[in-house]
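Asks:
Residue numbers (our numbering): 34 to 289.
1. Which same chain residues, not among the five before or five after residue 273, have their C-beta less than 7 Å away from its C-beta?
2. Decide yes or no for the touch test of the stretch 38-50 against the stretch 88-96: beta carbon pairs closer than 8 Å, at least 3 of them.
3. Quick one: using the 10 Å Cβ neighbour count with 16 as the cut-off for buried, is residue 50 buried or exposed?
4. Among residues of its own chain, excluding the 5 on either side of residue 226, which ones have a beta-carbon nearer than 7 Å to its beta-carbon?
5. When we look at the beta-carbon of residue 232 and count the other beta-carbons within 10 Å, is it buried (16 or more) or exposed?
6. Three or more C-beta pairs under 8 Å: does that hold for the stretch 186-197 against the stretch 255-263?
7. Distance, Cα to Cα, residue 193 vs residue 248?
8. Count the other CB atoms within 10 Å of the CB of residue 87; is the residue buried (16 or more) or exposed (fewer)?
9. Taking all protein chains shown into account, decide if residue 64 is buried (16 or more other Cβ within 10 angstroms of its Cβ) or exposed.
10. Check whether the Cβ atoms of residue 129 and residue 262 sit closer than 8 Å, and answer yes or no.
11. Helix or strand or just coil, what does DSSP make of residue 213?
12. With residue 294 as the anchor, note down where its alpha helix (DSSP H) starts and where it stops.
13. Expressed to the nearest angstrom, what Euclidean distance is found between the alpha-carbon atoms of residue 196 and residue 271?
14. Measuring CA to CA, which of 285, 288, 267 and 109 is closest to residue 46?
15. Below 7 Å CB to CB, which residues in the same chain sit around residue 108 once its five sequence neighbours on both sides are set aside?
16. If we ignore side chains and look at the alpha-carbon of each, how far apart do residue 191 and residue 100 end up?
17. For residue 248, which three-state DSSP category applies?
18. Find the nearest neighbour of residue 179 within the set 285, 114 and 105, judged by alpha-carbon distance.
19. Which partner residues of residue 255 appear in the DSSP bridge assignment?
20. Out of 253, 68, 121 and 173, state which residue places its alpha-carbon closest to the alpha-carbon of residue 228.
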């Protein structure tokens, strides 16, 4: 299954690299009428936009399309490419969900066969754990979080402007609410960079997912580890829009 995930991911990345105009389709495909409402339509040149505008839906012949998927690419630029990209992306999501379910079931099965060490006849008082919780294993100082706050706001990382306190609470997993992401790949790119330079733990995807810190922009559901893993795989191969802003601030972080 892991090999199939890699294969599909490589195909998606190859399409995005060859046809830059469709690079954001994966992020916007759950938006109703995403061809018109996403950034895709704006990335087309004027002649390509005009072709979409004048095309009549009644002219679409499904039999002809099924026989040759690219038959409408002249009248509807990149149409077959978009369909392939959406199908591959949904297939990748399905594979990742199955992989996640498989590993979850495996862990549960292992736990069930472990012998119980607890003497159920003896009542125990839960131990009080002292000290400060730090799931992200963050080494970020106050001035560095302030710099990152400027970074995420300049990059429009979230649907709202965040303060230094909000970002501090985020890294402490003590948000008074949740954040909603604008671009999951850009978020993954930032967290990946912070992890690479040991500012946060390598398993940051699990921390975000387990603590339900961030919501998806479209569906409003908490980002899962699968969502973040997929976004990270894509961000490694094709940089998301706005990555240069993150690179600029990461360099400042390294300078101290």
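Just so you know, even glycine gets a beta-carbon here, dropped at the ideal spot from N, CA and C.
Replies: Short version:
1. If you ignore the 5 residues before and after residue 273, its C-beta comes within less than 7 Å of the C-beta of 216, 218, 219 and 222, all in its own chain and listed in chain order.
2. Verdict: no, contact absent.
3. With a 10 Å radius around the Cβ and a threshold of 16 neighbouring Cβ atoms, residue 50 comes out exposed.
4. Contacts found: 279 and 283.
5. The residue is buried, with at least 16 neighbouring Cβ atoms inside 10 Å.
6. The stretch 186-197 and the stretch 255-263 do not touch, with fewer than 3 CB-CB distances between them shorter than 8 Å.
7. Cα to Cα, the separation comes out at about 12 Å.
8. When all chains shown are included, residue 87 counts as exposed.
9. Classification for residue 64: exposed.
10. Yes, the pair counts as a contact, with Cβ atoms nearer than the cut-off.
11. Strand.
12. This structure does not reach residue 294, given that the chain is present from 34 up to 289, and the question cannot be answered.
13. Using only the alpha carbons, I get a separation of about 29 Å.
14. The shortest C-alpha separation from residue 46 is found at 267.
15. Only 84 and 88 meet the Cβ criterion.
16. Here the alpha carbons of residue 100 and residue 191 stand approximately 43 Å from one another.
17. Strand at residue 248.
18. Between residue 179 and the set 285, 114 and 105, the nearest pair of CA atoms involves 285.
19. Residue 255 pairs with 248.
20. Taking only the C-alpha atoms, the option nearest residue 228 is 173.
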